[in-house]
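Colleague:
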Amino acid sequence: MNIAKYIPDDLDRRIIAHLRTDGRASLSKLADVLGVARGTVQNRLDRLVDTGTLLGFTIRVREDYDAQTVHAVMMIEVTGKSTTQVIRRLRGLPEVYSLHTTNGNWDLVANIRAASLSDFDRVLREVRMIDGISNSETSLLLSSV
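Numbering (my numbering), first residue to last: 461 to 605.
#1: Would you kindly work out how many angstroms separate the C-alpha atoms of I463 and S558, rounded to a whole number?
#2: Would L577 be called buried (16 or more neighbouring beta carbons within 10 Å of its own) or exposed?
#3: Leaving out the 5 sequence neighbours to the left and right, which residues in its chain are closer than 8 Å to R474 when beta-carbon positions are compared?
#4: Need the endpoints of the beta strand (DSSP E) that I572 sits in, please.
#5: So, with DSSP's three-state summary, where would you put T543?
#6: Quick check on I467: buried or exposed, where buried means 16 or more other Cβ atoms within 10 Å of its Cβ?
#7: Could you tell me the boundaries of the beta strand (DSSP E) in which L530 lies?
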């Protein structure tokens, strides 16, 4: 199936919403909650995975589970037309939890998670050494409110 042509419909979005709440929900439970047949849920999940809409299934943990983890947001300015190469390099850093393009003064926003301040310091140095990054600004996330 062509990924560019597939647009999730309302049922797909409802399946995804339920999986965000309970990623371990069985096909039968999803079918019951959504009011559709189990086979329909299976077919939809297969399609969502095959088209790349769903990249995988994961777990969520309590906020205090990894209380020692350093969380930060980094705004990144990219020079010229090197955005694709910069994104590729940033995605290769396991501490870059998520990466987003944006508008305004910054080109990219990276959510960073590091095990310690020394690991965080290393990640900052690695990011700053990437060809095509001309400037960055990083803010540590201190607490969730």
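Note that beta-carbon positions come from the ideal geometry of N, C-alpha and C, so glycine has one too.
Every value quoted in this text rests on a predicted model; they were computed, and no experiment measured them.
Modeller: In terms of the structure at hand:
#1: Its pLDDT being 49, under 50, I463 is placed unreliably by the model, and nothing is read from it.
#2: With fewer than 16 Cβ atoms within 10 Å of its Cβ, L577 is classed as exposed.
#3: If you ignore the 5 residues before and after R474, its C-beta comes within less than 8 Å of the C-beta of L494, all in its own chain and listed in chain order.
#4: Looking at the DSSP string, the run of the beta strand (DSSP E) that includes I572 is 568-574.
#5: When DSSP states are grouped into helix, strand and coil, T543 belongs to the helix group.
#6: Exposed.
#7: Note that residue 530 is Val in the sequence shown, not Leu. Bounds of the beta strand (DSSP E) holding V530 are 530-538.
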